[in-house]
Structure formats: structure tokens, C-alpha cells
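Here's the structure, in C-alpha cells; my notes come after.
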Amino acid sequence: MAATLEARKREDLTTSNTKAIRLAGEVPAIIYGYQVEPKTVTVNSIELLKTVRDEGKNAIISLQVDGEAVDVMLHDYQVDPLRDELVHADFYAVNMKEEMDVRVPIVLEGEAIGTKEGGVLQQPLYELSIRAKPKDIPEQITIDVADLAVGDSFLVSDLKESKNFEIMEDETATIVSILVPDEEPAEESAEDETAEPEVINGNKDENEDK
């Protein structure tokens with residue numbers, strides 16, 4: 001079931017009106033995409049952030065615009081870096097019957113055996129590219145790493161197949177691995193460096209005695 005978010009048409013696009021909208025806690029936005037003529041709207045900033053936080057960035061949102069419902073995804077947004085506030089949002093109207101390509105976050109679960117033994121967990125891949133119909137897009141891909149020992153890796157090919165979506169990543173790509181801990185030979189190098197001058201100094205003293 002899609003999350004619901006109220007929106008209002010925005011016809012006054014002047015700078016002064018845009019500032020007033022933001023001061024009132026609203027975010028200027030645009031809707032475009034499948035069977036939708038581009039239109040400008042405003043949505044409540046807090047409600048939008050709450051919806052994305054609760055439902056995920058790939059959530060299908062039923063945007064209610066003056067009594068008309070449009071199924072959309074939050075395609076892009078802009079944030080004021082100084083105030084850390086939303087200043088604009090782009091909503092993309094989707095075809096619920098057509099597959100689309102999206103990136104889904106990868107979440108690791110459990111503590112790997114290898115890390116308990118001193119290994120170092122490395123995660124090269126944080127998102128997974130998949131193809132699915134909008135209603136079948138998962139909020140996240142969860143991977144249990146508890147059984148990974150030192151030297152083990154979890155590849156894209158190790159993921160269980162899903163009937164609801166197709167994985168678009170290279171099957172040989174590494175998602176997470178447990179590296180062997182460094183032996184840290186730095187101290188031995190330091191000893192070697194100090195050993196050589198002592199021999200040189202010793203030879204120098206012998207020459208002086210002669």
C-alpha cells in the first residue's frame with residue numbers, strides 16, 4: 001500500500017512567493033513522468049521527510065493533488081547546506097505495471113565470526129541495482145554476515161533469488177568480505193634502520209684507533 005501525502009497546486013512562481021512557502025514549512029515541488037503533464041505543487045516539509053524516513057527513499061507515494069491521486073516516487077531533492085532544510089523536491093509519476101531500475105540500500109545483519117577473531121570487515125558495495133515493478137521494490141536488502149570467517153567474502157551471486165525483482169549487478173561483485181588483520185611490521189623496520197648506523201659508527205671508531 002502506497003503512503004499518502006497531501007499536495008497543493010502552486011501557480012505563483014515568483015521568488016517572494018517561494019520564500020513565503022518555505023517560511024510556512026512547505027516545500028516547492030514539481031510532478032512529472034508517466035501520463036502526467038508537469039505541474040508545480042507544494043508539500044509539507046515535515047510530512048515529506050517523515051514519509052521518506054518511514055517508507056524508504058524508493059517508496060511509492062500516493063500524492064493527493066486537489067482530490068486527484070498520482071502514484072509517484074521522490075526522484076530528487078535539494079537541501080540548503082547552511083540550514084539543512086529541504087528547498088525543492090522532484091516527484092516522478094510511475095507506471096505501476098512497468099518495471100523500473102532503482103538502487104536499493106544494503107544492510108548488514110549480525111556480527112561476523114571473522115571480526116571476533118580479529119579480522120577486518122570491508123563493505124565495497126552499499127547499494128544494489130535492481131529491476132522491479134514499483135510495488136515490488138524492497139526497502140532494503142538484508143544480508144546476514146554472522147557466519148563469515150576471516151578470508152570469507154559474500155558476493156552478489158550469493159544472494160537468494162527473488163521472484164519480485166531482478167538483480168542488475170555483476171554477479172562477481174563483492175558485497176562484503178572479512179580481511180586478514182595486518183601484521184604491522186613497522187617495529188621491525190625501525191630496528192633495522194637503527195642497526196645500520198651503529199655498524200657504521202663502530203667502523204669509524206676502529207679507523208680512528210688505527
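The end of the sequence shown is residue 210 by the UniProt record's numbering, with every number in the run present. Ideal Cβ positions, reconstructed from N, Cα and C, are used throughout, including at glycine.
- Query: For D66, which option in E37, D80, I30 and K9 has the closest C-alpha, if you only look at C-alpha atoms?
  - Reply: Nearest to D66 by C-alpha distance, out of E37, D80, I30 and K9, is K9.
- Short Cβ contact (7 Å threshold) for D80 with E109: Going by C-beta atoms, D80 is not nearer than 7 Å to E109.
- Secondary structure at N44, three-state DSSP: helix, strand or coil? The answer is strand: DSSP assigns N44 an E or B state.
- Task: Determine the burial state of V104: buried for a count of at least 16 other Cβ atoms within 10 Å of its Cβ, exposed for fewer.
- Result: Buried.
- Task: Tell whether a beta-carbon distance below 7 Å holds between P38 and G118.
- Result: With contacts defined as CB atoms closer than 7 Å, P38 and G118 fail to qualify as a contacting pair.
- Message: Determine whether the beta carbon atoms of E139 and G56 lie at a separation below 7 Å.
- Response: Yes.
- Message: Rounding to the nearest angstrom, what Cα-Cα distance links E111 and S177 in this structure?
- Response: Computed Cα separation, rounded: 12 Å.
- Curious, which full-length beta strand (DSSP E) runs of at least 3 residues does the UniProt domain "Large ribosomal subunit protein bL25 L25" (5-91) contain? For the UniProt domain "Large ribosomal subunit protein bL25 L25" (5-91), whole beta strand (DSSP E) runs of length 3 or above, ordered along the chain, are 26-33, 36-44, 61-65 and 68-80.
- Message: Measuring only the C-alpha atoms, how far is P185 from D90?
- Response: In this prediction, P185 has a pLDDT of 46, which is less than 50 and means its spatial position is unreliable; nothing more can be read from the coordinates.
- In chain order, what residues of the same chain lie with their CB nearer than 7 Å to the CB of K135, ignoring the 5 residues before and after it? For K135, same chain residues with a beta-carbon under 7 Å away, outside a window of 5 residues either side, are I60 and M96 in chain order.
- Query: Straight-line CA distance for S45 to R53?
  - Reply: So the alpha carbons of these two residues sit roughly 12 Å apart.
- Item | CA nearest to the CA of T18, picked from V156, R131 and T40 | Closest option to T18, Cα to Cα, is T40.
- Task: Go ahead and label G151 buried or exposed: buried means 16 or more other beta carbons lie within 10 angstroms of its beta carbon, across all protein chains shown.
- Result: By the 16-neighbour rule on beta-carbons within 10 angstroms, G151 is exposed.
- Extent of the continuous alpha helix (DSSP H) to which I113 belongs: Element bounds for I113: I113 to K116.
- How many Å lie between I30 and E99 at the Cα? Computed Cα separation, rounded: 23 Å.
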